[in-house]
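Start counting the sequence shown at 40; every next residue gets the next number (this note's numbering).
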Amino acid sequence: MAKQPRPLIAGNWKMNGLARSGTREARALAKRLAGVKRLGCEVLICPPAPLLPVLRAALKGSRIAIGGQDCHAAATGAHTGDVSAEMLADAGCRYVIVGHSERRADHGETDRRVRAKAEAAHRAGLTAIVCVGETAAQRRRRETLKVVGAQLRGSLPAGATAGNTVVAYEPVWAIGSGLTPTAGDVAEVHASIRSRLVRRFKAEGRGMRILYGGSVKAGNAGELLAVANVDGALVGGASLTAKDFWPIVRVRA
Ligand code: PEP
Numbered sequence: 040m041a042k043q044p045r046p047l048i049a050g051n052w053k054m055n056g057l058a059r060s061g062t063r064e065a066r067a068l069a070k071r072l073a074g075v076k077r078l079g080c081e082v083l084i085c086p087p088a089p090l091l092p093v094l095r096a097a098l099k100g101s102r103i104a105i106g107g108q109d110c111h112a113a114a115t116g117a118h119t120g121d122v123s124a125e126m127l128a129d130a131g132c133r134y135v136i137v138g139h140s141e142r143r144a145d146h147g148e149t150d151r152r153v154r155a156k157a158e159a160a161h162r163a164g165l166t167a168i169v170c171v172g173e174t175a176a177q178r179r180r181r182e183t184l185k186v187v188g189a190q191l192r193g194s195l196p197a198g199a200t201a202g203n204t205v206v207a208y209e210p211v212w213a214i215g216s217g218l219t220p221t222a223g224d225v226a227e228v229h230a231s232i233r234s235r236l237v238r239r240f241k242a243e244g245r246g247m248r249i250l251y252g253g254s255v256k257a258g259n260a261g262e263l264l265a266v267a268n269v270d271g272a273l274v275g276g277a278s279l280t281a282k283d284f285w286p287i288v289r290v291r292a
């Protein structure tokens, strides 16, 4: 029997949070986690880049890892406003999200660019959380599996392993909308992702974690996290406060 991957519950704060409120919420979550006897999952917060040093200090010795929300493909250079994977690692990050649909939409990021960012993450020793997902129109046209398959093919580097890569399935229409696919729909997409990962990466693909993301809340986390091949969640809005994030983390804690 293949070993079950350790679930990952990741919070994506997006462009939200200031030093004082971010520290307060992260510490409150860390306090809850400290009370768990044998923690059954990894917990991650990806704050805006300026908050990384603040959260690194606030979460020292806690069970919460920190991660970046994006990185440039290059290690250094003339790229005003960008942050490299090496800088994130230097700031204490263990993970970085790449290819989030908001970056694909707002910054025109292609699969090729996302793959280069994932390669940069690996070069810096970070685990890349590679996001894929269909739009509402693509789902209506029943193109979900085809679209997600193409994104996986184009965005995952050849060197992806169970240790350095996590896939996040995030239907674009579910992000921030309060809408979620049915458990059956999630099961179908995650099974398809798993079989593509195994076909391409063999045993590594079997161990790669596949997160579900898109309007995960306290009320639906139990059902979504129980679906086969759902190895955790990527949570946006509900990760901003310990009060909202803790009930989701607790499902797997
Ligand atoms: C996200 O941004 O990755 C996300 C899943 O957002 P939300 O949980 O707010 O839908």
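For glycine and all other residues, C-beta sits at the position ideal for the given N, C-alpha and C.
| field | Leu91 vs Ala65 beta-carbon contact at 8 Å | value | For the pair Leu91 and Ala65, the CB atoms are not nearer than the 8 Å cut-off.
| With respect to 7 Å, is the separation between the Cβ of Glu173 and the closest non-hydrogen atom of the ligand PEP below this value? | Judged by the Cβ position, Glu173 fails to qualify as a neighbour of the ligand PEP at the 7 Å threshold, every heavy atom of the ligand being at least this far.
| query | Where does the unbroken alpha helix (DSSP H) through Ala175 begin, and where does it stop? | reply | Ala175 -> alpha helix (DSSP H) spans 175-179.
| task | Mind the definition here: the stretch 219-239 touches the stretch 139-151 only if three or more C-beta pairs lie below 8 Å; say whether that holds. | result | Too few Cβ pairs lie closer than 8 Å, so no.
| field | Start-end ranges of the beta strand (DSSP E) lying completely within the stretch 183-227, minimum 3 residues | value | Complete beta strand (DSSP E) runs here, min 3: 204-208.
| query | In the stretch 76-113, which residue ranges form an unbroken beta strand (DSSP E) of at least 3 residues, counting only runs that do not cross its ends? | reply | Runs of the beta strand (DSSP E) inside the stretch 76-113: 81-85, 103-107.
| the stretch 206-216 touching the stretch 151-158, judged by at least three CB pairs closer than 8 Å | Contact check between the stretch 206-216 and the stretch 151-158: fewer than three CB pairs, one atom from each, fall below 8 Å, which does not count as touching.
| Pairwise C-alpha distance: Cys170 and Lys185 | If you draw a straight line from the Cα of Lys185 to the Cα of Cys170, it comes to about 15 Å.
| query | Heavy atom of the ligand PEP less than 7 Å from the Cβ of Leu127, yes or no? | reply | Proximity of the beta carbon of Leu127 to the ligand PEP is not indicated: no heavy atom of the ligand is located closer than 7 Å.
| message | Is Pro44 near the ligand FAD - that is, is its Cβ less than 7 Å away from at least one heavy atom of it? | response | Although the ligand FAD was asked about, the structure shown includes only the ligand PEP as ligands.
| In this structure, does DSSP put Asn51 in helix, strand or coil? | Reduced to three states, the DSSP call for Asn51 is strand.
| message | Less than 7 Å separating the Cβ of Ser254 from some heavy atom of the ligand PEP? | response | When distances are taken from the beta-carbon of Ser254 to the heavy atoms of the ligand PEP, the shortest one is below 7 Å.
| request: Tell me whether the beta-carbon of Pro44 lies closer than 8 Å to the beta-carbon of Arg248. | output: Here Pro44 is near Arg248, since their CB atoms are less than 8 Å apart.
| Regarding Ala277 and the ligand PEP, is the C-beta to nearest heavy atom distance less than 7 Å? | Within the cutoff, so yes.
| query | Where does Thr119 sit, in a helix, a strand or coil, going by DSSP? | reply | In the structure shown, Thr119 sits in coil (DSSP, three-state: anything other than H, G, I, E or B).
| said: Please state the DSSP three-state secondary structure of Thr280. | reply: Coil at Thr280, not helix or strand.
| field | Alpha carbon of Ala175 to alpha carbon of Ala128, nearest angstrom | value | For Ala175 and Ala128, the distance between alpha carbons rounds to 35 Å.
| said: Would Leu195 and Thr183 qualify as a contact pair, given that the criterion is a beta-carbon distance under 8 Å? | reply: Result no, Cβ atoms of Leu195 and Thr183 do not sit closer than 8 Å.
| task | From the DSSP output, read off the bridge partner residues of Gly252. | result | Residue pairing by DSSP places Gly252 opposite Leu273 in a beta bridge.
| said: Taking 6 Å as the limit between beta carbons, can you name the residues of its chain near Ala67, skipping five residues before and five after? | reply: In its chain, beyond the 5 residues on either side, Ala281 have a beta carbon closer than 6 Å to the beta carbon of Ala67.
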